[in-house]
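Colleague: Here you go, one structure.
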Amino acid sequence: MLDLHWVAFQAWATHADGLAMERQEDQSIADFNLEILAAYREQHAEAEDAEHAFAKIMKWYRNKLASQTAQMQMEGLSMKQLRKIIKPFNARVSLLICIYYHSTSLTRG
């Protein structure tokens with residue numbers, strides 16, 4: 004199973020809200036992943052309280068997933084389609100999205 008911190012860090016590192024890292028045109032995906040890995044290790048090494056630093060990233064990641072799921076739901080995707088989209092994610096993220104989906108459907112009636 005993928006480490007959820009790593010998955011969240013990859014998303015955060017490439018997003019404008021995070022490190023805004025971008026792959027160069029002549030850069031391979033493998034080299035870009037190594038660049039992200041170096042930033043990940045640096046984050047672990049430099050943070051006095053690495054757990055606190057990664058808690059902020061995890062909160063950002065969960066909020067992004069929830070807002071993307073809500074957007075997809077507003078676009079009319081069914082629960083089956085949402086499950087197909089989130090299948091690559093690990094069980095904890097999948098559970099978070101399912102809980103969010105059901106909680107929003109309860110409030111809408």
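Going by our numbering, the first residue of the sequence shown is number 4, and it counts up by one from there.
For each residue, glycine too, the CB sits at the ideal point set by N, CA and C.
Pick helix, strand or coil for Q27, following the three-state DSSP scheme.
Modeller: Residue 27 sits at position 24 when you count from the first residue of the sequence shown. If DSSP states are grouped into helix, strand and coil, Q27 belongs with coil.
Colleague: If you run the structure through DSSP and keep just helix, strand and coil, what is S81?
Modeller: Translated into positions along the sequence shown, residue 81 becomes position 78. Coil.
Colleague: Among residues of its own chain, excluding the 5 on either side of Q71, which ones have a beta-carbon nearer than 7 Å to its beta-carbon?
Modeller: Within the sequence shown, residue 71 is the residue found at index 68, counting from 1. None.
Colleague: If M24 and A42 are in contact, beta carbons under 8 Å, what's the gap, nearest whole angstrom?
Modeller: Reading the sequence shown from its first residue, position 21 is the one you call residue 24. Reading the sequence shown from its first residue, position 39 is the one you call residue 42. So it is a contact: roughly 7 Å between Cβ atoms.
Colleague: Does D34 come out as helix, strand or coil in the three-state DSSP assignment?
Modeller: Your numbering for residue 34 matches position 31 in the sequence shown. The answer is helix: DSSP assigns D34 an H, G or I state.
Colleague: Considering only residues of the same chain and omitting the five flanking positions on each side of Q13, which have a CB-CB separation below 7 Å?
Modeller: Within the sequence shown, residue 13 is the residue found at index 10, counting from 1. Hits under 7 Å: I39.
Colleague: Can you list, in chain order, the residues of its chain with a C-beta nearer than 6 Å to that of D52? Leave out the 5 residues immediately preceding and following it.
Modeller: In the sequence shown, the residue the question calls residue 52 occupies position 49. The answer is none, since no qualifying residue turns up.
Colleague: What would DSSP say about L22, mapped onto helix, strand or coil?
Modeller: As a working mapping, residue 22 is identified with position 19 in the sequence shown. In this structure, L22 counts as coil in the three-state DSSP scheme.
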